[in-house]
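Everything below concerns the one structure shown next.
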Amino acid sequence: MRDKNHNFFVPNWPCPSSVKCVITYKFGGSSKQPYKSNNLATHVGDRSEAVIANRESLKEKLAFPGDPIWLNQIHGVEIIEVEDGYQISDGDGFYCRKKGFPCGILTADCLPILVCNTLGTEIAAIHAGWRGLSNRIIKNLLKMFHAPADQLLVYLGPAIGLDNFEVGSEVRECFLANSENLEHRKQINNAFYPSKGQKLKADLYELARADFRIGGVKRMFGGEFCSFKERDHFYSYRRDKITGRNATLIWLE
20 MRDKNHNFFV PNWPCPSSVK CVITYKFGGS SKQPYKSNNL ATHVGDRSEA VIANRESLKE
80 KLAFPGDPIW LNQIHGVEII EVEDGYQISD GDGFYCRKKG FPCGILTADC LPILVCNTLG
140 TEIAAIHAGW RGLSNRIIKN LLKMFHAPAD QLLVYLGPAI GLDNFEVGSE VRECFLANSE
200 NLEHRKQINN AFYPSKGQKL KADLYELARA DFRIGGVKRM FGGEFCSFKE RDHFYSYRRD
260 KITGRNATLI WLE
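Take 20 as the starting number for the sequence shown in the numbering used here and just add one per residue.
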């Protein structure tokens, strides 16, 4: 639910009470242009003191049970299971069954995805751009859950929308090359639309839904954003190039 008085919002999905999550907006922080103003990423060229101030402010407002943990995101398919003593690792997703670990994903057009089981004992957060999606990061994620797929809930956070995500035909071919079956191929093809010349428009949300459906997940929420178009709320690399990152966090209480 969005609240213009806060620089974050709580996703609207029926997660259990033990599952907490939040997604940040780009306003209400300490960063200066071109990162103005609530940049949560340390790797984009922003002043470190500004990023630290933004992270500390978020921690104070939300009373996190512990310090948020982050990844060196590499547009891959590696999912890290959170254990005591976690050290920052290369990867593009967290899976967690322990309380007190706010797991953070950073995005500026790529798709942040939250997943939990209906019992509220397992959570995950992944960073899914077209490379990660085409290489089946969602399939990797579903393998980590103890709960069956029909007992999972999914929330699709702010990503670049269909109207503003133009790609070459080779992107569609990457998805089709890794498709599961004919039905999966059909759903992938339905997520691409003709654009100018030989270009295509790609629907990241529908590509993610297709993978979850093929994996047996039935309950999906969110997916109504466009980080490119909503310039007052979200960072967009495709729109601005040099820019900050929004954060999506999930944890167990």
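All residues carry an ideal CB built from backbone N, CA and C; glycine is no exception. Here the structure is a predicted model, which means the values were calculated and not measured.
In the DSSP assignment, find the beta strand (DSSP E) that holds residue i and state where it starts and stops.
i, result
"LYS39", "38-43"
"ILE269", "265-271"
"GLY112", "112-115"
"LEU125", "122-126"
"ILE145", "142-147"
Whole-angstrom Cβ separation of residue i and residue j, contact assumed at under 8 angstroms?
i, j, result
"GLY180", "CYS245", "3 angstroms"
"ASP111", "GLU97", "6 angstroms"
"THR137", "LEU172", "7 angstroms"
"VAL134", "LEU160", "7 angstroms"
"PHE164", "GLU141", "6 angstroms"
"CYS8", "LEU226", "One cannot answer for residue 8 here, as it falls past the ends of the chain, which runs 20 to 272."
"THR43", "ALA266", "5 angstroms"
"PHE194", "ALA144", "Not really, about 22 angstroms apart at Cβ, beyond 8 angstroms."
"ASN73", "SER50", "7 angstroms"
"ASN197", "ARG155", "6 angstroms"
"PRO84", "LYS117", "With 8 angstroms as the limit, PRO84 and LYS117 do not qualify as a contact, their Cβ atoms being about 10 angstroms apart."
Go through its chain and collect everything with a Cβ distance to residue i's Cβ below 8 angstroms, but skip five positions before and after it.
i, result
"ARG257", "ASP128, ILE179, ASN183, PHE184, PHE247"
"ARG264", "ASN58, LEU59, ALA60, VAL63, LEU125, THR126, ALA127, TYR254"
"GLY216", "none"
"ARG191", "ILE207, ASN208, PHE211, LEU219, ALA221"
"SER214", "GLU185, LYS220"
"LYS78", "ASP86, PRO87"
"GLN170", "ASN136, THR137, LEU138"
Is residue i close to the ligand MG? I mean its beta-carbon at under 7 angstroms from any heavy atom of the ligand.
i, result
"VAL41", "In terms of ligand content, the structure shown is empty, and the ligand MG therefore cannot be addressed."
From what residue to what residue does the alpha helix (DSSP H) around residue i run?
i, result
"LEU130", "That residue, LEU130, is in no alpha helix (DSSP H); its beta strand (DSSP E) goes 130-136."
"ALA69", "67-81"
"ASN159", "156-163"
"ARG250", "No alpha helix (DSSP H) holds ARG250; DSSP gives it neither H nor E."
What does a CB cutoff of less than 6 angstroms around residue i pick up in its chain, not counting 5 residues either side in sequence?
i, result
"ASP251", "none"
"GLY148", "HIS94, CYS129"
"GLU199", "ILE233"
"ALA69", "SER49, SER50"
Can you find the residues in the same chain that come closer than 7 angstroms, C-beta to C-beta, to residue i, ignoring five residues on each side of it along the sequence?
i, result
"MET20", "Note that MET20 has pLDDT 47, beneath the 50 cutoff, so the model's placement of it is unreliable and the number below is only indicative. Hits under 7 angstroms: PHE28, VAL29, ASN31."
"GLY151", "HIS94, GLY95, VAL96, ASP111"
"PHE231", "ILE157, VAL173, MET239"
"GLU243", "none"
Can you confirm whether residue i, when its beta carbon is compared against all beta carbons of chain C, has any partner nearer than 8 angstroms?
i, result
"LEU130", "In the displayed structure, chain C is absent; only one protein chain is listed."
Would you call residue i buried or exposed, if buried means 16 or more other Cβ atoms sit within 10 Å of its Cβ?
i, result
"PHE46", "exposed"
"ILE261", "exposed"
"ILE107", "exposed"
"LYS237", "exposed"
"ASP11", "Lying before the first or after the last residue shown, residue 11 is absent from the chain, which here runs from 20 to 272."
query: Fully enclosed by the region 174-240, which alpha helix (DSSP H) runs are 4 residues long or longer?
result: For the region 174-240, the full-length alpha helix (DSSP H) segments reaching 4 residues or more read 188-196, 201-208, 223-233 along the chain.
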